[in-house]
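Accompanying notes for the structure given below.
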Amino acid sequence: MASSLWYLYVLTKKKFIKRFLQAKTEKKYILPPKRFRKIPPTVEYPERCISCGACESSCPSFAIKMIFFQDHNKKLPKIDVGACIGCGNCVESCPSKVLEIGNLKEETLSLPWNVPKYKNYIIDEELCVNCGSCRTVCPVHAIDYDKNTHKIDTNKCIGCERCVEACPVVDAIRIYDEKVLKEKFDLCFRIKFSRVLKEEERSEVISETPRIVKSLCINCENCVDVCLGSINLENYKVVSCVKCGSCIEVCPTGAMRIGEVSRVPKIRDKCYIIEEDKCIGCRICYRACNVNAIDICCDTRLPYINPEKCVRCGVCYKECPVEAISLTDMENSLKLYRVRKARDNFEAMVIKDLDEISKKYAQLKGDLLEFSQKEVEKTLSKIVNEKIIKQDDSDATRDDTC
Amino acid sequence: MNVIPVGPINPIFKEPIRIKLIVEGEIVIGAEIEMGYVHRGIERIMEGKHYLKGIHLAERVCGICSYIHTQTFVECIEKVSNIEVPDKAKYLRIIATELERIHSHLIAVAVYGMAIEHETFGIWCLNIREKVMDLLETIAGNRINMGFNVVGGVRQDITREILESIYNTLDTLEEDVEDILEIFRKGPLISLRSKGIGVIGYKEVMKTRAVGPVARASALPESDWRLRHPTYKELGFKPVWAEEGDNYARTLVRLKEILTSIELLRRALEFYEESTGMVRKKVDIKGGSGEWRNEAHRGEVTYKISITDGGIIKRILIRTPTVMNLSAYKYMLKTCPTVSDAVATYISIDPCISCTERSIYLVDRRTGDVKPYSK
Ligand code: SF4
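Going down the list, the protein sequences come from chains V and B.
For the first sequence, the positions run 5 to 406 when our numbering is used.
For the second sequence, the positions run 6 to 380 when our numbering is used.
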């Protein structure tokens, strides 16, 4: 009853009657709004797509898959209409601006964008040989060189993985993904939790105090959380350590490290050699090499490459002005290296021997001279003394007789 | 003494929850609340993910107030890594939040109208809400999950025409809301069913830490976190409050807050027109951890975040307002004469269950092991 009274109240109001009589649909309700989005995004220029997969890794709803198309002869993104949420991440992360979603693209064309990735890339400064291969292949110029080491800009990186392919050293560019991170965060949480419950007592596990590799650290503070001593993450220093080894366990990127690391090249069946007949001996390669793999021969004064140290980065190959460096089989280069090394060693041995002999000779000669001079002086003085004494004696007797 | 189970699936509820009302005849004595029907473990999913994916996930914490969650998340990260937001973006954020607050409050009032069997009132509110939703769509592109916020600003700017359409809609909106308020004040049925029912006093609110309109209806205006937000301070915000602490006061506070929101919107739009520059800045995320609070439409929302360099979420903790408001519900029941009043009281606190249930910890009773539940 009450509500019907209120109907009456509202229906008899002047404003309502006015509105009722002049009722018509406004134009803006018929036309779709201008900024209505086209969902899902479409691939506008498939021929310009570089198949980097940035859209696939940026999609939060897993709606994009890279699929090989026969007529374009490359992988192109295929967008699942049902799963797309129209967030526009793919459009903004596309480095070649191929994708199109309504007029969102126009408005975000020049804006910076951080791409969420399934995999993150980070350079290990202890393993990096600073050859710059990653920098040259990066399609979005996300890698920079800052005097000491190369660095990947996380914000610019689109996760195309080309740098990892180009890098000559195994594991110099580390990959970590959400799964690994989650596991490590979990582990950290569990260790902390059991510590609070006083369940776990850890004895000494590792032999030395670990160090922090600066370029690998992502400041997640997992190590600080589990550390029984203290870690100063601002200066990347372990201040005090009980050697429990938990920090190494929970670090998601392996930035906590003990012991030495060795560089393992990816190409193991081939190696660079220097052809001696072409080489002009300028030694640019010797200066360019970052891993000390090039030695100078004692005999010819020409450089040669040590395949055991060489990481096949190709810096010397690129720098050589007369193209005297080429790539051959590992066996050949190793043979060559051994022959040269043996010759070098022999040469060095001979030179060393000669050196020693001449040194000895000179010393002996000097000794002999000194010795003989002394002897001569001695005998001389002896003779002189004897003669003078004799003369004195004879003089005396002559005096007596006189 | 009898027990009446309500829910978990019940036409009056927006989301599944189970309330066991303890009654003596028709009089309600107490209630037991059971949760855990819609847990989704959203905090666990976020761990180890890039923060941009985190924004999309934070948006899905709640179905109605999705925007304020992204804003709190983003402002928390901005606080951790010391990022200044451009002026335009600040005001755009306020505009979106306040529009969302209007539509959220309108839903709350509409559902309350339905709960006291005044469907017409409810439908009127929902009709008005539609205009706000259209505005939100023109601003951000989507109606609910807008994906509008990013760290360092907002995703896109608005144009002149949109600005004008907001101004125009605000005028009609104000008229409509005033109409609704008039009906709400004068309608006999509404005041009969809601005045003096579900009363909660100042002290009980302090005891249960209730937040939002529930606290403000019991004479606690300083519970509004907008008072402490830097941009709202610029806009000269003043909270709305009432003293009675009953269902009527709570709904009235909501309706009045719509009017303050409209005022705030007008001021924010003016400020927006004066400001220049980009709406989004390039950001560089630094690792660290921090905390940020915002006034969501139901009360205070807290985000605690620990983040690594490059923006990977290490751990996140979300606290939504409904948890505290549900515990206040038990005190309100003391002044509920009938079962249907108890249900109406429950609706008047505007609960949001999927907000509340985010992560679950499994406790093994025998061994006492506690571990987070995932999958
Ligand atoms: S750079 Fe080429 S020419 Fe110069 S020393 Fe090395 S191998 Fe010989």
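Beta carbons: idealized from backbone N, C-alpha and C, even for Gly.
- Listed along chain V, no residue sits closer than 7 Å to ASN252/B by beta-carbon distance, the nearest being about 17 Å off.
- Judged by DSSP in its simplified three-state form, ASN124/V adopts strand.
- Chain B has no Cβ within less than 7 Å of the Cβ of GLU30/V.
- By the 16-neighbour rule on beta-carbons within 10 angstroms, MET353/V is exposed.
- Contact of GLY57/V with chain B by beta-carbon distance below 9 Å is absent, the smallest such distance being about 16 Å.
- Residue nearest to LEU62/B within the set THR313/B, ARG214/B, VAL155/B is VAL155/B (criterion: CA-CA distance).
- Taking CB atoms only, HIS234/B has no neighbour in chain V less than 7 Å away.
- In this structure VAL254/V is buried. Its beta-carbon is surrounded by 16 or more other beta-carbon atoms within 10 angstroms.
- Taking 7 Å as the threshold, the shortest C-beta distance from LYS93/B to chain V does not fall below it.
- Annotation note: the stretch 151 to 198 of chain V contains the following uninterrupted alpha helix (DSSP H) runs of length 4 or greater, listed N- to C-terminal: 166 to 170.
- Residue burial is scored here from C-beta neighbours: LEU26/B has at least 16 other C-beta atoms within 10 angstroms and is therefore classed as buried.
- Distance from the Cα of THR77/B is smallest, within the candidate group ALA301/B, GLY315/B, PRO356/B, for ALA301/B.
- Taking CYS227/V as reference, the option from GLY258/V, SER65/V, GLU327/V, ARG267/V with the minimal CA-CA separation is GLY258/V.
- Secondary structure in the stretch 49 to 123 of chain B: the alpha helix (DSSP H) runs of 4 residues or longer, each lying completely within the stretch, are 56 to 64, 71 to 85, 92 to 120 in chain order.
- Assigned with DSSP and collapsed to three states, THR174/B falls in helix.
- Taking PRO356/B as the centre and dropping the five residues before and after it, the same chain places the C-beta of THR327 closer than 6 Å to its C-beta, in chain order.
- Classified as buried, GLN161/B has 16 or more neighbouring CB atoms from the shown chains inside 10 Å of its CB.
- Contact between ASN294/V and CYS135/V holds: their C-beta atoms lie close to 7 Å from each other, under 8 Å.
- Non-local beta-carbon contacts of VAL288/B in its own chain, meaning distances under 7 Å to residues more than five positions away in sequence, involve ILE88, VAL156, GLY157 in chain order.
- Listed along chain B, the residues sitting closer than 7 Å to GLU182/V by beta-carbon distance are GLY53, LYS54.
- In the structure shown, ARG221/B adopts helical secondary structure according to DSSP, grouped into three states.
- Look at ALA352/V: its C-beta is not under 7 Å from any C-beta on chain B.
- Annotation for SER234/V: the continuous beta strand (DSSP E) segment containing it runs 234 to 236.
- Comparing C-alpha distances from ALA120/B to each of ASN252/B, ASN330/B, TYR334/B, ALA273/B shows the shortest one belongs to ASN252/B.
- If you check the CB distance, GLY92/V and ILE105/V come in under 7 Å.
- In this chain, the beta strand (DSSP E) harbouring CYS275/V covers 274 to 278.
- PRO16/B places its beta carbon 7 Å or farther from that of VAL43/B.
- Taking all protein chains in view, the Cβ of ASP346/B is crowded by 16 or more other Cβ atoms within 10 Å, so the residue is classified as buried.
- Exclusion of the five residues before and after GLY118/B leaves PHE126, GLY127 as the residues of its chain whose Cβ lies within less than 6 Å of its Cβ.
- Burial state of VAL343/V is exposed, judged by a 10 Å Cβ sphere holding fewer than 16 other Cβ atoms.
- Unbroken beta strand (DSSP E) runs of no fewer than 3 residues, entirely contained in the stretch 276 to 352 of chain V, are found at 298 to 300, 307 to 309, 329 to 333, following chain order.
- Taking the beta carbon of ASP176/B as reference, no residue of chain V falls within 8 Å; the closest one sits roughly 14 Å away.
- When beta bridges are read from the DSSP output, VAL155/B appears opposite GLY158/B.
- Rounded to whole angstroms, the separation of the alpha carbons of ARG233/B and LEU240/B is 12 Å.
- Distance check between ALA115/B and each of GLU105/B, GLY373/B, ILE99/B, ILE133/B places ILE133/B closest, using alpha-carbon atoms only.
- When C-alpha distances from GLY295/B are compared across ARG45/B, ILE47/B, VAL79/B, TYR72/B, the shortest belongs to VAL79/B.
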